[in-house]
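Peer 1: In our numbering, the protein residues as written are 103 to 728.
Think of the CB as a built atom: it goes at the ideal place given N, C-alpha and C, for glycine as much as any other residue.
Values in this document were obtained by computation on a predicted structure and should not be read as measured data.
Handing you a structure now.
Right under this line is the structure:
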């Protein structure tokens, strides 16, 4: 309650500018509301009450820890039975071999490695986690006073928080290493050799304003800014390579019209429009010759924060507008026609008395039965299962040609079924692909190279599956069904070659380390994912476990101050991560950068932006009302 606000100055203090007065009022109200929320969230209880709450939730937190440990033990045991390890097991086994658990000192094995490696070089150091850090330090010679670690990284590009990357590891060295010739030396690389200065100026303009030490992990000062090291020829038009912001609004749709069109579709249409104006007309520098040439589809990439709900729709809209576009779908592998067909064939090899897969295979290019042929078979044997109806028709059906067709189908089926007991899964798949002719068939379909890659990937997955302790068709079919049940999707196989002239649509994470002449960073109107901070239990590696305090008698539930604090920290960390993800996205562009998004209330938001930006004018905007 000690926070006092001075009264607002009189109107004459804001000479001739009611807008300025309004802006001050708005900013002041934001601050007051923030402090009010802080009071009600954190200072509503006395110290004594807070302490009582924490004592009450202690048993729950301990029980949770115990259950987790028991689960880890049981899970480890099951993995050992099956002779399996996952990725994090590998890291932790390496830790056990290299570091003594009690003392934290390197083991004898680690000392052998210390002698073996003259120098250890680590790339992308900003993405290291504590386990990796401990492993690498154990095999370095720092314990014997020799510094033989060489690390390269940029903390502004640390975007693997979900894999437990800790940018603090990088910052601790950044802060303590000296720029002079010292035992632990820091060499700052300021120049960017990828992008035009227009891209870099725009990036600097954004990040000077929003990236700070407490949000994003680094102070974006002149030290951290990007300086141009690339030498691009100037374009004919002076502003041809200026960055652009493309905005759509759904405002009018909601108010006036009945027609509903999603913001994703609106945005995709705006981007398609811009690509049409650009390809074959505007110019970029050719990588080989260093001379200007006309823009091609292959120069363009659209980057999205997440692919689900966005990527497939974007590809659809671009294709509908005559623009070849390609996205590697994160989902949809199991729902592709060719994979569904082959999986159904595997199901009936395992057990042909499953009418739905059986009928699906009959009507597929493997069976080539027409629907009227299926009807004919059914009318002669209406009472039995469809499999039995086919068997009966094969022996005594009225249409001789159809009888022969069924006999041929069953002969092939029996042939494959006889291979099942002794043939490894991936070999069986290739046998089916080749002998039924289905593999060649899908290659000739639209998007044939994609479908071919999907079938090849299924055979690869089968080979990987056979290398575990599980074997055989029955288990493989169950395994795939479980993956579908729990919605674990492989994502379609990737086929896009560098030379293909299509617009690529990919996630920002996928684009890390790559560069493209023209980049659209799209979907910027999408809200941030705040799942971490909203979950029932808030967990942080430094601050522990934050639970709700539950009173079974009064039937009340309230978050403890620890939970609120952890939620706040998680939120700040995830916003810092989003900031770095944005930084990675905008720094992929070599020559031209577009940011695009949709706003609900265009006018209000724009006036808020320009008000907050002071004298800085917003860059060139192209605004489309739907």
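When you compare only the Cα positions, how much space is there between residue 199 and residue 218?
Peer 2: Residue 199 and residue 218: Cα-Cα distance of roughly 16 Å.
Peer 1: Curious, which full-length alpha helix (DSSP H) runs of at least 4 residues does the region 642 to 694 contain?
Peer 2: The qualifying runs are 663 to 688.
Peer 1: Taking residue 166 as the reference, give the member of 667, 710, 641 and 458 with the closest Cα.
Peer 2: Nearest C-alpha to residue 166: 641.
Peer 1: Three-state secondary structure (DSSP) at residue 360?
Peer 2: With a pLDDT of 49 at residue 360, under the threshold of 50, the modelled position of this residue cannot be trusted; read the value that follows with caution. If DSSP states are grouped into helix, strand and coil, residue 360 belongs with coil.
Peer 1: Please say whether residue 696 and residue 647 have beta carbons closer to each other than 9 Å?
Peer 2: For residue 647 and residue 696, no; Cβs fall outside 9 Å.
Peer 1: Please indicate yes or no: does the CB of residue 566 lie closer than 8 Å to some heavy atom of the ligand ZN?
Peer 2: Absence of the ligand ZN from the depicted structure is noted, as is the absence of any ligand whatsoever, leaving it without description.
Peer 1: May I ask you to report which of helix, strand or coil DSSP gives residue 547?
Peer 2: Coil at residue 547, not helix or strand.
Peer 1: Taking the alpha carbon of residue 174 as the reference point, which residue from 190, 162, 161 and 681 has its own alpha carbon closest?
Peer 2: Taking only the C-alpha atoms, the option nearest residue 174 is 190.
Peer 1: Among residues of its own chain, excluding the 5 on either side of residue 261, which ones have a beta-carbon nearer than 6 Å to its beta-carbon?
Peer 2: 682, 683 and 686.
Peer 1: Do residue 615 and residue 700 have their CB atoms nearer than 9 Å?
Peer 2: No; because the gap between Cβ atoms is not below 9 Å, this pair is not in contact.
Peer 1: Could you check whether residue 209 and residue 427 sit closer than 9 Å to each other, using their CB atoms as the reference points?
Peer 2: No. Outside cutoff.
Peer 1: Within the same chain, show all residues whose beta-carbon is closer than 7 Å to that of residue 306, passing over the 5 residues directly before and after it, in chain order.
Peer 2: The answer, listed in chain order, is 327 and 328.
Peer 1: How many angstroms separate the CA atom of residue 351 from the CA atom of residue 562?
Peer 2: Between residue 351 and residue 562, the C-alpha separation is close to 45 Å.
Peer 1: So, helix, strand or coil for residue 230, using DSSP?
Peer 2: In this structure, residue 230 counts as coil in the three-state DSSP scheme.
Peer 1: Helix, strand or coil for residue 187 per DSSP?
Peer 2: Three-state result, residue 187: coil.
Peer 1: Can you grab the Cα-Cα spacing for the pair residue 212 / residue 223, in whole Å?
Peer 2: Between residue 212 and residue 223, the C-alpha separation is close to 17 Å.
Peer 1: In chain order, what residues of the same chain lie with their CB nearer than 7 Å to the CB of residue 360, ignoring the 5 residues before and after it?
Peer 2: Caution is warranted here: a pLDDT of 49 is assigned to residue 360, below 50, making its placement in the model unreliable, and the coordinate value is therefore given only provisionally. Hits under 7 Å: none found.
Peer 1: Compute the beta-carbon to beta-carbon distance between residue 440 and residue 556, rounded to the nearest angstrom, for a pair I have assumed lies under 8 Å.
Peer 2: The Cβ separation is near 6 Å, so the contact holds.
Peer 1: Output yes if chain C places a C-beta closer than 9 Å to the C-beta of residue 373; else output no.
Peer 2: Considering every chain present, this structure includes no chain C. It has just one protein chain.
Peer 1: Please state if the CB of residue 665 and the CB of residue 649 are separated by a distance shorter than 9 Å.
Peer 2: Yes.
Peer 1: Between the Cα of residue 729 and those of 290, 299, 536 and 610, spot the shortest distance and give me the residue it belongs to.
Peer 2: Residue coverage of the chain in this structure runs from 103 to 728, which leaves residue 729 outside it and unanswerable.
Peer 1: Run through DSSP, which three-state label would residue 482 get?
Peer 2: Three-state result, residue 482: helix.
Peer 1: Compare the beta carbon distance of residue 147 and residue 160 with 9 Å and say whether it is the shorter of the two.
Peer 2: No, these two residues do not count as a Cβ contact at 9 Å.
Peer 1: Whose CA, out of 498, 339, 289 and 295, lies closest to the CA of residue 325?
Peer 2: Nearest of 498, 339, 289 and 295 to residue 325, Cα basis: 289.
Peer 1: So, with DSSP's three-state summary, where would you put residue 621?
Peer 2: Residue 621 falls in the strand class under three-state DSSP.
Peer 1: For a test of the three-state rule: what should DSSP assign to residue 294, helix, strand or coil?
Peer 2: In this structure, residue 294 counts as strand in the three-state DSSP scheme.
Peer 1: Could you say if the region 389 to 396 and the region 562 to 571 meet the contact criterion of at least three C-beta pairs nearer than 8 Å?
Peer 2: They do not touch, by the three-pair rule.
Peer 1: Given a cut-off of 9 Å on the beta-carbon distance, is the pair residue 187 and residue 195 in contact?
Peer 2: Taking 9 Å as the Cβ cut-off, residue 187 and residue 195 qualify as a contacting pair.
Peer 1: Could you tell me which of 629, 669, 662 and 609 sits nearest to residue 635, measuring between CA atoms?
Peer 2: Minimum Cα distance to residue 635 is reached at 669.
Peer 1: Nearest to residue 443 by alpha carbon, out of 461, 453, 455 and 654?
Peer 2: When each option's Cα is compared against that of residue 443, the closest is 461.
Peer 1: Going by DSSP, what residue range makes up the beta strand (DSSP E) through residue 406?
Peer 2: Residue 406 -> beta strand (DSSP E) spans 402 to 406.
Peer 1: Skipping 5 residues on each side, what residues in its chain have a beta carbon closer than 7 Å to that of residue 229?
Peer 2: Answer for residue 229: 260, 262 and 267, listed in chain order.
Peer 1: Using the three-state DSSP reduction, which class does residue 449 fall into: helix, strand or coil?
Peer 2: Residue 449: helix per DSSP, three-state reduction.
Peer 1: Runs of 3 residues minimum, wholly inside the region 291 to 350: which ones carry the beta strand (DSSP E) assignment?
Peer 2: Segments of the beta strand (DSSP E) lying fully in the region 291 to 350: there are none.
Peer 1: Using DSSP with H/G/I as helix, E/B as strand and the rest coil, what is residue 222?
Peer 2: Residue 222 falls in the strand class under three-state DSSP.
Peer 1: In the DSSP assignment, what are the bridge partners of residue 253?
Peer 2: Partner(s): 224.
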